[in-house]
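Trainee: Protein chains in written order, with our numbering: chain A, 1 to 251; chain F, 1 to 713; chain R, 1 to 546. Backbone N, C-alpha and C define an ideal beta-carbon position, used for all residues, glycine too. Predicted, not measured: the structure shown is a model, and the values here were computed from it.
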Amino acid sequence: MSSWFWYGIRRGIQTTRYPEAPETAAGVSPGRPLPTTFASEEQASQAASNCPVRAITASENIATVDLRTCVWCQRCHFGSSNLLSWDASYEWAQTPAIRKDYDRLETAFSQSLHVMVVDAGDCGACLHEVKQLNNPLYNMHRLGIFLTATPRTADVLLVVGPVSENMRGPLLKTYEAMPDPKRVLAVGSCAITGGVFGKSFMSAGGVGMVLPVDVEVPGDPPPPLAVLHGLLVVAGRKMPLPLSTQSREEA
Amino acid sequence: MAAYAGAALLLFYALCATGLILSWVFRGKDASLVIPWFGTLCSIVLMAAAGLRLAAGTDFHLNLWTLNGFGTLSLHLDALSAVFLFAVGLVYLSCCFFAPDYLSRDGHPAGRYGVLHFALMASVVLILTAGDVLTFLISWECMSILCYLLVNYEQEPEGDFTAGYIMLAMSEAGFLAVVIAFLIAGNAAGGYSFGALRMAAAHLSGAAMWDVFVLGFFGFGVKAGLVPLNFWLPRSYTAAPPIFIPVFAGVTLNLGFYGILRLNADLVPGHGIGPGLVALVIGAITALVGILYATTENDLKTMLAHSSIENAGIIVAGIGAFLVFRNSGNAVPAALALTAALYHMLNHSTYKALLYQGAGHIEAATGTRDMDRLGGLIRSLPALSIVFLAGCLAISAVPPFNGFVSEWLTLQTFLRSALLPSAAVKIVFALSGAILALTAALAVTCFVKTYAMSFLGMPRSDWKSNGAEFARRPRFSLTLLAMACVLLGVLPTYVIPALNRAVEPLAGASATASLVPPFFTATQANQQLPPAFLADFHNLGAQTGARWVPGRGLVILLRGSEQNPVVFAMSPSYSVVALVILLLIAWFVTSRLTRQRSVVKSEVWAGGIPNLLPEMTYTATGFSNPVRVVFQAIFRPNIVEDTRETVAVHFRTAIRRRRDETHLVDRLFFRPIGAIVNSVARLLAGMHHGRLNAYVGYVLGFLILILVLYRIG
Amino acid sequence: MRLADSSTANAENINPQSYDAKSLAAAIEKHFSSAVSPSANEESRFDLAFILTQPEALPSLAQFLFGDAGCSFGGLIVEEREEWILRYVFLIHGESWIHFILRLPLATKTVPSISAQIHAADWYEREAEDLFGLEFEEHPRLGDFILHDQVWQEGLAPMRKAFDAGQTHLKKRPKEDWHPVLVVQDPGAFAMPVGPVYEGGIGESVHFLLETVGEDVIRAVPRLFYNYRAVEKIAEGKSVLDALLLSERFSAKSAFAHSLAYCQAVEKIFQQQVPERARGLRVALAELERLRHHAGAIAAICQSTALNVSEAHAGIVEEHLLRASCAFAGHRYLFGLNTPGGLRRDFDAQNCRTLLGAVDNASSQLRKLEERLRYSSSFLDRLEDVGIISPDSARDLDLVGPLGRASGLAHDLRRACPYSGYERYRFEVPCETEGDGLARLRVLFSEAQQSAGLIRQVVESLEPGETRAPVAQADAGMASGWVEAPIGAAVHWIRLDREHRVERYRILSPSFRNWLGLHVAVEDFAFQDFPIILATFGLSATECDR
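1) Using the three-state DSSP reduction, which class does Gln94 (chain A) fall into: helix, strand or coil?
2) Tell me whether Gly389 (chain R) sits in a helix, a strand or coil according to DSSP, three-state version.
3) Can you list the beta strand (DSSP E) stretches of 3 or more residues lying completely in the stretch 196-228 of chain R, in chain order?
4) In terms of residue numbering, what span does the beta strand (DSSP E) encompassing Trp232 (chain F) cover?
5) With a threshold of 7 Å between beta-carbons, can Ile609 (chain F) be considered close to chain R, or not?
6) Please check if any C-beta of chain F sits within less than 7 Å of the C-beta of Pro170 (chain A).
7) How far does the beta strand (DSSP E) with Asp660 (chain F) in it reach, from first residue to last?
8) Report yes or no: do three or more beta-carbon pairs, one from the stretch 283-292 of chain R and one from the stretch 330-344 of chain R, lie closer than 8 Å?
9) For a contact meaning CB atoms closer than 8 Å, what does Thr212 (chain R) contact in chain F?
10) Find the residues of chain R that neighbour Met616 (chain F), judging by a C-beta separation of less than 9 Å, and give them in chain order.
11) So Arg416 (chain F) packs on Leu336 (chain F), CB below 8 Å; how close in whole Å?
12) Let me check understanding here. Comparing Cα to Cα, which of F:Pro333, F:Leu93 and F:Ala364 lies closest to Leu381 (chain F)?
13) List, in order along the chain, the chain F residues whose C-beta lies closer than 7 Å to that of Ile218 (chain R)?
14) Please report the distance separating the alpha-carbon of Gly191 (chain F) from that of Ala5 (chain F).
15) List the residues of chain F that Val618 (chain R) touches, going by C-beta distances under 7 Å, in chain order.
16) Skipping 5 residues on each side, what residues in its chain have a beta carbon closer than 6 Å to that of Gln524 (chain F)?
17) Taking C-alpha atoms, which residue in R:Ser509, R:Asp164, R:Gly387 and R:Lys171 lies nearest to His258 (chain R)?
18) Per the contact definition of three or more C-beta pairs closer than 8 Å, is the stretch 58-68 of chain A in contact with the stretch 33-50 of chain A?
19) At the level of alpha carbons, what is the spacing between Ile229 (chain A) and Leu211 (chain A)?
20) Quick one: what does DSSP say Ile146 (chain R) is sitting in, helix, strand or coil?
21) May I ask you to list the residues that DSSP assigns as paired with Asp299 (chain F)?
22) Would Cys338 (chain R) pass as a contact of Cys263 (chain R) if the rule is Cβ separation under 7 Å?
23) Using DSSP with H/G/I as helix, E/B as strand and the rest coil, what is Ala2 (chain F)?
24) Spatial neighbours of Asp122 (chain A) within its chain, please: C-beta separation below 6 Å, excluding the five flanking residues on both sides.
25) Taking DSSP's pairing of strands, which residues face Ala563 (chain R) in a bridge?
26) Counting along the chain, where does the alpha helix (DSSP H) carrying Leu168 (chain F) start and finish?
27) Is there a C-beta anywhere in chain A that falls below 7 Å from the one on Trp605 (chain F)?
28) What is the DSSP secondary structure of Gly75 (chain R), counted as helix, strand or coil?
29) Using DSSP bridges, identify the partner residues of Leu558 (chain F).
30) Name the DSSP bridge partner or partners of Asp642 (chain F)?
31) Whole-angstrom Cβ separation of Ile98 (chain R) and Leu52 (chain R), contact assumed at under 8 Å?
32) Is the stretch 110-119 of chain R touching the stretch 528-535 of chain R in the sense that three or more CB pairs, one from each, lie closer than 8 Å?
33) Please list the partners that Ser200 (chain A) has in chain R, where partner means a Cβ-to-Cβ separation under 9 Å.
34) Apply the 10 Å Cβ neighbour rule to Gln528 (chain R) and answer buried if 16 or more other Cβ atoms are within range, or exposed otherwise.
35) What does Thr150 (chain A) touch in chain F if you count any residue whose Cβ is under 7 Å from its own?
36) Could you tell me the distance, in whole angstroms, from the CA atom of Ser393 (chain R) to the CA atom of Asn227 (chain R)?
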């Protein structure tokens, strides 16, 4: 249909320039809470008590956030007292604490990465953010990242969700069906620590309980650019977040 | 040389008789040695006789004895017979080996089977070497009866003999038609030897020639399995015991082609292209109907029966093309057509016998023939899977197997229709060619389904394995046939000159001269080919092996006119060499490249479910369903049952759909004819009401009628 | 025709007529006087409630309510306290809710089933059997629902009080020789497995067994609950604010709608009056979510038909709406806004105007997209007359949301039982009757436009004021909150104890209802149509699984 063609031409190129240039449009990311210095220790501990998942720890008058546990409930962003400061970043990918640094894939994969996405009990938001990477505004194809339909041709296993028990078996089978070399990318706080679902008889409490995770992307959900950053880290084109910037739990 | 052939033939008869007597004498278990030993000996002698006749140039004739009023009974071994004899010998050679195992497994006494086996072999060879009408007809009748006995060999006394009866009835009907045809021809000739018939054929009136053709063609067409007369074939092929069916499919089917060729091409050739067109169209339709039903059939044996019908159609279409070309004066295409038909006949015997033996082994190993319930046999029967694959590839016309050469030659003859005079004939040729191309494609579908559903995938039902692999002797017979398939496919330039002995007298042109040029050396320059073309062919390596490979050459090539010097060319021999070299290179390269990679085997990826169950894999019905849907107009299934059972309307507990299909031939021919016959019979039955007075009245009326006729005449 | 139980048969013919709450109550008391009695206590504080004294009357009562009175079945809420409390929720159309409460001793093993009368109750009863261990008589398909037989052992009953939700290494005893229940009895039939790891890009984890004989799908059996995280179980014992997180995050694409339903239930218990400004903003945010959800559903339909260019355009619209949501409210999926009593933050006028601009832009883009799609005949061919659910089937299965509206069921909770001030705004409820994929697409486009109109009305009529109300009186209690979520009608029912901890949290989600309708739509369509029909349903497996 030629009208589609002209319609598209008139709309112009809308793809983000990330990773060549940072994306500054409003609303691409909810941002993340940052370590905040308060006036007093009491205020810092008050700030820590705002958090329903105990992701904020106060030491003296500084409150820090463990991004792996944070579920982005926004209670330290607005609506309470002693709020933390937030930024507008989106590059959050990091490696789990047990891996000191990230074991990069070979350079052959840096421009051609095939991703297998598995929904292991996800709420729908993380999966949807990953799906947004296919639309013209992000267009991960231009970076050489593709989705595969079968794990046999996949390099990266992207898992969202806390791994519900019914999905534990299929997830393991998917991982075993992938040939080496392979990496596992856990996207979202549910996939890292179980999120609001935590550990229960039906929820494993994160992909790390089931598979060896290579790169984590915190967020609830992480915006598409954060997922893209995570994929670029897996591809070896970006570095993961240094260990020192966030307080971390030892696994 | 011809004398040697004749001696071999007589030796064959002697051995056959001995085998028969020995089987009768040793009726018990000892007879199980007679069939392999004597059978092998007979087959080898037979093939030797055929080969000797083909090597020699002259026929062998032997007068047996003269009967008053019927003429001389004689044997006559000419090139056409020799070709058919070779096929018979090859099939029998392979069958002799696995008969004893089957017999001992099923507990049937080998002696009784041996009698029938040797008797049938003798009668078949007698048909093929008959020199006059009476020998031919007597041995044909013997063959029909023996076939009936063998088809019903495994039936219990209370069993279902319908298939055998139908076969016998159709055979007899065909036989009657053939008898009348011979009578008409013999009447015009004055004598009943084949020589006399040949000489008188030129003087036959047009109407008589048509009569002979129609009666002969359709009479032999019953045996050959042509639409609409192949009503009996799937039923009796399915009912026949596994020891007999390779013979049934590989030997007796060919007798129909032999009859058609002998009567309608050799003895009473006829004028005009009408007969040829009839044969062509019937052949094409038979092929299409056969393969359609084969593709949608799930029972292995019935599927192979329909596939035999398809191949019969291809052969008869080739024969039809031959008749058209010959009677319109194009001798070279006629030779091409007849070569293709005879080659296909030879190929069909080998791969069909192979497939039927394989099917018999599958049934013995698993207890079922239903492809919807087979699967995964490649793991439990690995050796059988290899030879069965060879058979499937051969019948799907995949190079380097033999099916490719004959199918290709058949399709090429249809392309030669440009030489024919009238546009209508060209259209008929084009349509038939298109139908044959469609059947070739459907044949691939059919055999992909067969092989995949039987051997690959997961077993779809549990069966008790009857012993691991089959024994040594049957393995030999299957391997022999597979090797024959390969050799016939890779060395066509040696087969064509052998077939040419039979083709040249009938077509009037030499197939070898037209199709197989000698090696393209500059010294033996072929004047009909331009030098530029020769140079190209040199560069392609067409003269490879010129000095040390025996024979004319390794390329099949048909020459055309000035503007188009080469109509087509192919060389399976070169192709297979190239194939082997490429495979070796590919293997070498990949093994070098992947030396450092490790190969990990894991289970089939099925979406993450705990385990893949057999009911989640494709069935044979599902695979062939698209064909059934596309050709719905031909299949016309009646929906017998389409019920949806529910509990409380909402919970579906069962969905049952049953479709009933009547075969196209039954629907169009036999149901209406049966209805008419039944209604006439019902009418006539009104005569038998039991009143004595009326019966006396009938006698009186008939007497008066006779007197009146006598008075008039 | 559904069966009528003869135990309480009445001689006179009960004519179907439209009832309102009063007349229905009167009719029930007249016809089922021996079996039900009005509830006068705590249970009927917010909703009209009846106690069922004779369990055997349940099927005929269900038949009366659903078949004759034209009520819609809302769901089944099972509680285990000192006795079993089964609460059957019905919706009187255009009116209000009506609850029927059945109390049974804990030793009771079987309960009469109403699935024969109300087909929509089928899955609720299967869920109750799997999670609570209650058997429903004459229900032919119990078992292998949430806890798959191939993985879990029988008799687990995780929702019972004795079951500890925190046990993390529960021993599984899978059934080794499990075979699926196949319905098609054709010798050549087989069941093509699809999923749960969906092969086709990105999809939620659902497993299908498509029974077929080769060309068309004769029966499709979805096997869901791969995403079951036992939200209702782990909510027990949590504080109100902690359970609020669960209500948002069990199905994040309708997070605001579900958290709104939850908050409304809590507000009833706490007797909080939500300020006007908060009610208006809640409407705007709910409609923003609906608009964004429908843009995503349209993109999914375009993707399933492989018209990638239209999928790209719809995807752009959706992404812009996500960004607008984030710029307006701080989170792309509107997390963290609802709280019992109102909203956790306010929005200034500039922010509202920016949002309005983005919404207008999205609405005009969707209108242009709809125009273009109208002329793409190859696209229309794949949707028209494909996956048909007739109005009778839709009524029979009691479908909700845009799916039901495309098959003639013009029910919308925003109209029927207005909440959060919807009665103040003008909007239409689009309805189609063909019930095919194209009708569902048209409904999505129309609803998107209506949502944009609603947002404009809210923003233009917003009065300054508070956005959060204080807690007036805190006590134990139970209440239900409802919302018309993007996929359909959703009800959240909560019982709180004295310390404001959740004692029972029940989510009646719309996807749970609508998944039941899938097998009707895909029967006898070709394999190629299956993903398209699935996309036109716009269902969420995770919202169904919870």
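Mentor: This is what the structure gives:
1) Indexing the first sequence from 1 puts residue 94 (chain A) at position 94. Three-state result, Gln94 (chain A): strand.
2) One-based indexing of the third sequence puts residue 389 (chain R) at position 389. Here the sequence assigns Ile to residue 389 (chain R), which means Gly is not the residue at that position. Three-state result, Ile389 (chain R): coil.
3) 207-212 and 216-223
4) The count along the second sequence starts at 1 and reaches residue 232 (chain F) at position 232. Taken as a continuous stretch (DSSP letters only), Trp232 (chain F) belongs to no beta strand (DSSP E), as it is neither H nor E.
5) Numbered from its first residue, the second sequence carries residue 609 (chain F) at position 609. Answer yes: the Cβ-Cβ gap between Ile609 (chain F) and chain R drops below 7 Å somewhere.
6) Here the question's residue 170 (chain A) lines up with position 170 in the first sequence. At least one CB atom of chain F sits nearer than 7 Å to the CB of Pro170 (chain A).
7) Position 660 of the second sequence, counting from 1, holds the residue named residue 660 (chain F). In the DSSP assignment, Asp660 (chain F) falls within the unbroken beta strand (DSSP E) covering Phe651 to Asp660.
8) When Cβ pairs closer than 8 Å are counted between the two stretches, the stretch 283-292 of chain R is seen to touch the stretch 330-344 of chain R, the count reaching three or more.
9) Start at 1 with the first residue of the third sequence, and residue 212 (chain R) comes out as number 212. Residues of chain F passing the Cβ test: Gly622.
10) Against the second sequence, residue 616 (chain F) aligns to sequence position 616. Simply Pro180, Phe190, Ala191, Met192, Pro193 and Leu209.
11) Position 416 of the second sequence, counted from the start, is the residue given in the question as residue 416 (chain F). Position 336 of the second sequence, counted from the start, is the residue given in the question as residue 336 (chain F). Indeed they touch by this definition, with Cβ atoms about 7 Å apart.
12) Residue numbering aside, residue 381 (chain F) sits at position 381 when the second sequence is read from its first letter. Comparing Cα-Cα distances from Leu381 (chain F) to each of F:Pro333, F:Leu93 and F:Ala364, the minimum goes to F:Ala364.
13) Position 218 of the third sequence holds residue 218 (chain R). What Ile218 (chain R) touches in chain F: Ile655.
14) Position 191 of the second sequence holds residue 191 (chain F). Position 5 of the second sequence holds residue 5 (chain F). Roughly 27 Å between the two C-alpha positions.
15) Since the displayed chain R opens at 1 and closes at 546, residue 618 (chain R) lies outside it and no answer follows.
16) Position 524 of the second sequence, counted from the first residue, corresponds to residue 524 (chain F). In this prediction, Gln524 (chain F) has a pLDDT of 49, which is less than 50 and means its spatial position is unreliable; what the coordinates show is noted afterwards. For Gln524 (chain F), where only same-chain residues beyond five positions count, the Cβ hits under 6 Å are Pro518.
17) Indexing the third sequence from 1 puts residue 258 (chain R) at position 258. Ranking the options by Cα distance to His258 (chain R), first place goes to R:Ser509.
18) yes
19) Stepping through the first sequence from its first residue, residue 229 (chain A) is reached at position 229. Stepping through the first sequence from its first residue, residue 211 (chain A) is reached at position 211. Per the sequence shown, the amino acid found at residue 229 (chain A) is His instead of Ile. Using only the alpha carbons, I get a separation of about 21 Å.
20) Here residue 146 (chain R) refers to the residue found at position 146 of the third sequence. Reduced to three states, the DSSP call for Ile146 (chain R) is coil.
21) Walking along the second sequence from the start, residue 299 (chain F) turns up at place 299. Paired residue(s): F:Asp370.
22) For this step, residue 338 (chain R) is matched to residue 338 along the third sequence. For this step, residue 263 (chain R) is matched to residue 263 along the third sequence. Per the sequence shown, residue 338 (chain R) should be read as Asn rather than Cys. Contact flag set, yes.
23) Locating residue 2 (chain F) in the second sequence gives position 2, where the first residue counts as 1. Helix at Ala2 (chain F).
24) Along the first sequence, one-based indexing puts residue 122 (chain A) at 122. Val160 and Gly161, listed in sequence order.
25) A question about residue 563 (chain R) goes unanswered here, because the residues of chain R that appear run from 1 up to 546.
26) Here the question's residue 168 (chain F) lines up with position 168 in the second sequence. Segment Thr162 to Ala189, the alpha helix (DSSP H) holding Leu168 (chain F).
27) For the purposes of this step, residue 605 (chain F) is taken as residue 605 along the second sequence, with counting starting at 1. Cβ-Cβ to chain A under 7 Å: yes for Trp605 (chain F).
28) Residue mapping note: residue 75 (chain R) aligns to position 75 of the third sequence, counting from 1. Gly75 (chain R): strand per DSSP, three-state reduction.
29) What you label residue 558 (chain F) is simply residue 558 of the second sequence in a count that begins at 1. Partner(s): F:Phe568.
30) In the second sequence, the residue the question calls residue 642 (chain F) occupies position 642. According to DSSP, Asp642 (chain F) bridges with F:Arg657.
31) The residue labelled residue 98 (chain R) in the question sits at position 98 within the third sequence. The residue labelled residue 52 (chain R) in the question sits at position 52 within the third sequence. 12 Å between Cβ atoms; not a contact.
32) no
33) Counting from 1 along the first sequence, the entry for residue 200 (chain A) is found at position 200. Within chain R, the residues near Ser200 (chain A) are Ala165, Gly166, Gln167, Thr168, Arg229, Ala230, Lys233 and Ile234.
34) Reading the third sequence from its first residue, position 528 is the one you call residue 528 (chain R). Its Cβ having fewer than 16 others within 10 Å, Gln528 (chain R) is exposed.
35) Walking along the first sequence from the start, residue 150 (chain A) turns up at place 150. For Thr150 (chain A), the C-beta contacts it makes with chain F under 7 Å involve Trp605, in order along the chain.
36) Taking the third sequence and counting its residues from 1, one reaches residue 393 (chain R) at position 393. Taking the third sequence and counting its residues from 1, one reaches residue 227 (chain R) at position 227. Going by the C-alpha atoms only, they are around 28 Å apart.
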